[in-house]
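Report on one structure; see the data block that follows.
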Amino acid sequence: MRSPAVSATGVCRTLAGTPVLDGVDLEVAPGEVVALLGPNGAGKTTLLRVLALLLRPTAGRIALFGLDAADAPPVLRRRIGWVGHESACYPDLTAAENLAFYARLFRLDDPARRVADALAWADLAGTGRRPVRAFSRGMAQRLALARAFLHAPDLLLLDEPFTGLDREGVARLQEKLAALARAGHAVVLATHDVDRVHPVATSTAILHRGRIAWTHEGAAEKTILAAAWTTVVTTGTA
Amino acid sequence: MRDALVILKKDLAIEWRTKESLTSVFVLGVLLTIVLTMAHDAPAASAPGLVPAVLWTSFVFTGLLGVQRAFLLERENDCLAGLLTAPIDAGAIYLGKLAANLVLLTATQLVVVPLTGLFLHVDLLPVLAGLCLALLLGNVGFAALATLFAAVAARTRAREVMLPLLLLPLLVPLLIGAVSLTRDVLAGGLAEAGMAVNVLAAFDVVFGVAGWLLFAYVVRD
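Residue numbers (our numbering), protein chains in the order written: chain A, -12 to 225; chain B, 8 to 228.
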């Protein structure tokens, strides 16, 4: 039996003295796409940063692919693709230069082909010598996604991945996520955009005040989700 | 080491394209040299004695500016998080940034050193080899410590103020050694400078290794 891509138990994290995560339990299997919903300040971004090994939990345990993630070993980081609120790309380099830089850090085989494929997927192949600083919000977001997909990670952690994307970009991302899930990659995506995540999510969780307050196997129907959301936000649990 | 070179190459490519750090440290270096020389207004006979102090005061302040900018590069667009998610050792990030700071410092010195010689009436050519050794040892120590503390300061709100406050007290032994070595070199030989060379070399090794080991704890939250 394959180990879960994510196994988080009792994860807590405090930021500037304020508890942001307060005992999160989450398990994500390979091939699963988890939509992580929650009101502002629920801890979605912090949880994704903890799972991406960018923040250390103050308590609890995280195992990725059956390996303890406490020391953020490179072997685990190689298997993670992360997109945060910003692109993590250097504004004075071009899209191709940014991707080539990350391809070298991940020591990818045939980096030129990988970069060309990623640029083609993000529809940025025509940007040439234009620096990222001159990109629109949507272009920067497509580049951020291309950077995360570049090394074909087994676990994708995406924070508001639909932000700034036009209709075509959203469809392309949904298609990509569905294909990755079919190929056995695990995805956790934090979003407010229920409509856009609905076609690809295989399970849904609502994070509230640093805890997973509600989970649902399969993509939750809007009415079920709306009822759960109201109950969670008003009572703290569903 | 390979990852550190990738990071160095990226930093140099950005600097070559924007010339932001290079321009500001060059201008600051030249201005500091002029101001310090004019402030002392030393007679021609005693002017050469000011060279070590003028040089290292300029290098400390231009170095601080350069190091600070090097980490601003990683803060924009949360690029540091991008680096930290890559499967590389945090020590490689440290070495890459250190090397980039070293290149910037050396580039500044290529302008500031001849200018100081000119203003203070010192022919630096006969002592060039010894001077290069003093600069190399001083630069490595400065970059080793400054790169580590720039990463600490980059996480604080008052980062522009924090870096000099954290760094300058710790730089005192390095500055004493560097000024002493430069003075001995200008006085005509390295024979008397054994102690200063040892102090600088020890400083470089201790803070280079400490920075490499501690960087992961500094940048990972």
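Quick reminder that beta carbons are idealized off the backbone N, C-alpha and C, glycines included.
Residue i burial status per 10 Å Cβ neighbour count (16 or more: buried)
| i | result |
| --- | --- |
| V179(B) | exposed |
| A46(B) | exposed |
| H138(A) | buried |
| P140(A) | buried |
| R154(A) | exposed |
| H172(A) | buried |
| D146(A) | buried |
| K104(B) | buried |
| W63(B) | buried |
| G70(B) | buried |
| W216(A) | buried |
| R124(A) | exposed |
| M126(A) | buried |
| W23(B) | exposed |
| V212(B) | exposed |
| S(-6)(A) | buried |
| G137(B) | buried |
Which residues DSSP lists as bridging residue i, in chain order
| i | result |
| --- | --- |
| S190(A) | V21(A) and E204(A) |
| I199(A) | L194(A) |
| I49(A) | A(-5)(A) |
| P60(A) | Beta-bridge pairing links P60(A) to no other residue. |
| V174(A) | V20(A) and L143(A) |
| P6(A) | T1(A) |
| T114(A) | Per DSSP, none; premise fails for T114(A). |
| T81(A) | P118(A) |
| W69(A) | L144(A) |
| E14(A) | S(-6)(A) |
| L54(A) | L51(A) |
Test: residue i CB closer than 8 Å to a CB of chain B
| i | result |
| --- | --- |
| E155(A) | no |
| R91(A) | yes |
| C(-1)(A) | no |
| S74(A) | yes |
| P148(A) | no |
| I67(A) | yes |
| P6(A) | no |
| A59(A) | yes |
| G71(A) | yes |
| R64(A) | yes |
Chain A contact for residue i (CB, 8 Å cutoff)
| i | result |
| --- | --- |
| R227(B) | yes |
| I21(B) | yes |
| R164(B) | no |
| V32(B) | no |
| R24(B) | yes |
| V110(B) | no |
| V13(B) | yes |
| D10(B) | yes |
Beta carbon proximity, residue i to chain D, threshold 8 Å
| i | result |
| --- | --- |
| D141(A) | Included in the structure are the protein chains A and B, with no chain D among them. |
Nearest residue (CA-CA) to residue i, options the options
| i | options | result |
| --- | --- | --- |
| V42(B) | L29(B), Y101(B) and L57(B) | L57(B) |
| L181(B) | G215(B), F78(B) and V110(B) | G215(B) |
| T221(A) | R196(A), T150(A), G125(A) and V174(A) | R196(A) |
| A200(A) | K31(A), G18(A) and T1(A) | K31(A) |
| V34(B) | W23(B), Y224(B), L87(B) and V119(B) | V119(B) |
| P171(B) | F156(B), A185(B) and V32(B) | F156(B) |
| A52(B) | L138(B), V129(B), R190(B) and G145(B) | V129(B) |
| T81(A) | I193(A), H179(A) and A112(A) | A112(A) |
| Y77(A) | L86(A), W69(A), G71(A) and V70(A) | L86(A) |
| V134(B) | L79(B), P55(B), L80(B) and T30(B) | P55(B) |
| T(-4)(A) | S(-10)(A), V7(A) and E14(A) | E14(A) |
| A135(A) | R120(A), F122(A) and L167(A) | L167(A) |
| R94(A) | R66(A), A121(A), H72(A) and W108(A) | R66(A) |
| N108(B) | L19(B), P121(B) and G218(B) | L19(B) |
| F222(B) | L138(B), F66(B) and I95(B) | I95(B) |
| A217(B) | S187(B), L175(B), A150(B) and V204(B) | A150(B) |
| L23(A) | H185(A), A158(A) and R64(A) | H185(A) |
| A226(A) | G68(A), A39(A), A16(A) and A131(A) | Nothing can be reported for residue 226(A), as the shown portion of chain A is limited to -12 through 225. |
| T202(A) | V11(A), P148(A), G18(A) and S(-10)(A) | V11(A) |
| P121(B) | C139(B), A106(B) and F210(B) | C139(B) |
| Y89(A) | E83(B), D10(B) and L220(B) | D10(B) |
Exercise. Of the residues that make up the stretch 76 to 89 of chain B, which ones have a beta carbon closer than 8 Å to any beta carbon in chain A?
Worked result: L80, E83, N84, D85, C86, A88 and G89
Problem set entry | Contact residues within the stretch 88 to 116 of chain A, judged by C-beta distance below 9 Å to chain B | F88, Y89, R91, L92, F93 and R94
For this session: Closer than 8 Å, Cβ to Cβ, to anything on chain A: give me those residues from the stretch 89 to 105 of chain B, in chain order.
Result: G89, L90, L91, T92, A93, P94, I95 and D96
For this session: Scan the stretch 30 to 51 of chain A for residues whose Cβ lies nearer than 9 Å to a Cβ of chain B and list them as they occur along the chain.
Result: R36, A39, L40, L41, L42 and R43
For this session: Residues of the stretch 76 to 87 of chain A with a CB closer than 8 Å to any CB of chain B: list them in chain order, please.
Result: C76, Y77, P78, D79, L80 and E84
Exercise. Going along the chain, which residues of the stretch 116 to 130 of chain A sit with their C-beta nearer than 7 Å to a C-beta in chain B?
Worked result: none
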